[in-house]
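Below: the structure, in C-alpha cells.
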Amino acid sequence: MSGLSPVGIAGRTLGRIGSLEARLACSEAEIEAAQEVRYRVFYEELGAKASRLQAAERRDADRFDAVCDHILVFDHSLAAPEHERIVGTYRVLTQEGAALCGGFYSEDEFDLAGLIERNPGKRFLELGRSCVLPQYRSKRTIEALWQAIWAYVLHHKIDVMAGCASFHGTVPAAHSEALSFLAQSFRTEPEFQVSALPERYRSMDLVPPEAINAKAAFARMPPLIKGYLRLGARIGDGCVIDHDFETVDVFVVLAVSDIRQRYISYYTADEGAYVA
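Anchor point for the sequence shown: position 209 equals 274 in my numbering, and the numbering is continuous, going up by one each time.
This is the structure in C-alpha cells:
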C-alpha cells in the first residue's frame, strides 16, 4: 500500500458532489485503476510516449507512486465494481514521502533545493498527475477533487502546495502569449522563487508586455493552470519541455496563506464532515 497518510484519513470521504465521491486510494487495486485512468488520458488521448512495460500493462506508473497518496474521484452512479468507477485522480507527495524517494518528482525539471532551504518551517506538498476522464471534465468533478485536496492539506497542516502544470505540445512559442503573461504577471515572490534546471531552462518571456491581451492570454491557458491562478498561485522562472509527455511544463507555487478567502470558505464549508 502506498502513501503516508495515517489511518484516520485513509478511506474516508474527503469530498462529495452528487454521485461523485473523492477519497484516498485504500488498496493496490484502486491505485492500479487510477494508473489505468492516467494511461488512457496521458498516453492514449494526449500522446505521451509509453515504455514497453507501460504499453503492455496499460498503466502510467513510476517509482513515486509507492510513496504518494492518490486522491480518487468515484462516480457511484456507474454500475461497475468500485475500482472501475474511478473517473479522476490527483497524486500528492508530502516531504516525508519525497525523502523516502530521493526527492520530489518535479526536481527532474526544476530546482527545488533553494525553495525548501529558504522555508525551513513550512510543510510542502507536491501535486501532480492531475487527470480526469473526458466525459467528466466538468466543474463538479474538479470541485470534488479540490474538496479532497483541501481536506488533505488541513489534515497534514500543509503550508505550500507546488508542482508542475503543463501546456500541450513541445513548442513554447506556440503558447507565447500565455507563457509571457504568466512570466510578467504571476512570478513567484522571492521566498518562493523556483527556476527550471539550467540545462533544461527555456524562457517564458517571449512577447513584450504591450503586445499581450491579458484576457486572451488567460483564455488560452489550460484549465488546470487557470484554476491554480484563480486560487492565488504564482509561477516559477522558466519552462521545461517534457518530450516523454509531449508538454511544456511550468512550475506552480500556491501558498495556503495566499488562497483567496472565498475559496477557503467554499472548501471548508463541510470540513467537519471530512477531516478528523
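Positions of the beta carbon are idealized from the N, C-alpha and C atoms, including for glycine.
Checklist entry - Per DSSP, residue 196 is paired with what? => result The sequence position of residue 196 within the sequence shown is 131, counting from 1. DSSP links residue 196 through a beta bridge to 154.
Checklist entry - So the beta strand (DSSP E) residue 316 belongs to, where does it begin and stop? => result By one-based count along the sequence shown, residue 316 stands at place 251. Where residue 316 is concerned, the enclosing beta strand (DSSP E) stretches over 312–320.
Item to check | residue 312 classed as buried or exposed, judged by whether at least 16 other C-beta atoms fall within 10 angstroms | outcome: Residue numbering aside, residue 312 sits at position 247 when the sequence shown is read from its first letter. Around the beta-carbon of residue 312, 16 or more other beta-carbon atoms lie within 10 Å, marking it buried.
Checklist entry - When you compare only the Cα positions, how much space is there between residue 228 and residue 143? => result Your numbering for residue 228 matches position 163 in the sequence shown. Your numbering for residue 143 matches position 78 in the sequence shown. Taking the straight line from one Cα to the other gives about 32 Å.
Checklist entry - Would you call residue 237 buried or exposed, if buried means 16 or more other Cβ atoms sit within 10 Å of its Cβ? => result What you label residue 237 is simply residue 172 of the sequence shown in a count that begins at 1. The residue is buried, with at least 16 neighbouring Cβ atoms inside 10 Å.
Item to check | N-terminal and C-terminal residue of the alpha helix (DSSP H) that residue 142 is part of | outcome: By one-based count along the sequence shown, residue 142 stands at place 77. Run containing residue 142: none; DSSP gives neither H nor E here.
Checklist entry - For the alpha helix (DSSP H) that residue 295 lies in, which residues bound it at each end? => result Mapped onto the sequence shown, residue 295 falls at position 230. First-last of the alpha helix (DSSP H) with residue 295: 288–296.
Item to check | As assigned by DSSP and simplified to three states, the class of residue 203 | outcome: The count along the sequence shown starts at 1 and reaches residue 203 at position 138. Residue 203: coil per DSSP, three-state reduction.
Item to check | residue 165, buried or exposed, once every other Cβ within 10 Å from all chains shown has been counted against 16 | outcome: For this step, residue 165 is matched to residue 100 along the sequence shown. Per the 10 Å Cβ criterion, exposed.
Next on the checklist: Tell me which residues share the same chain as residue 75 and place their Cβ nearer than 7 Å to its Cβ, disregarding the 5 neighbours each side in the sequence.
Outcome noted: Working through the sequence shown from its first residue, we reach residue 75 at position 10. Here the set comprises 89 and 91.
Item to check | Per DSSP, cross-strand counterpart(s) of residue 323 | outcome: Residue mapping note: residue 323 aligns to position 258 of the sequence shown, counting from 1. None, per the DSSP bridge assignment.
Item to check | Proximity to residue 211 [Cα-Cα], best of 129, 230, 284 and 289 | outcome: One-based indexing of the sequence shown puts residue 211 at position 146. Checked all of 129, 230, 284 and 289; the closest Cα to residue 211 is 289.
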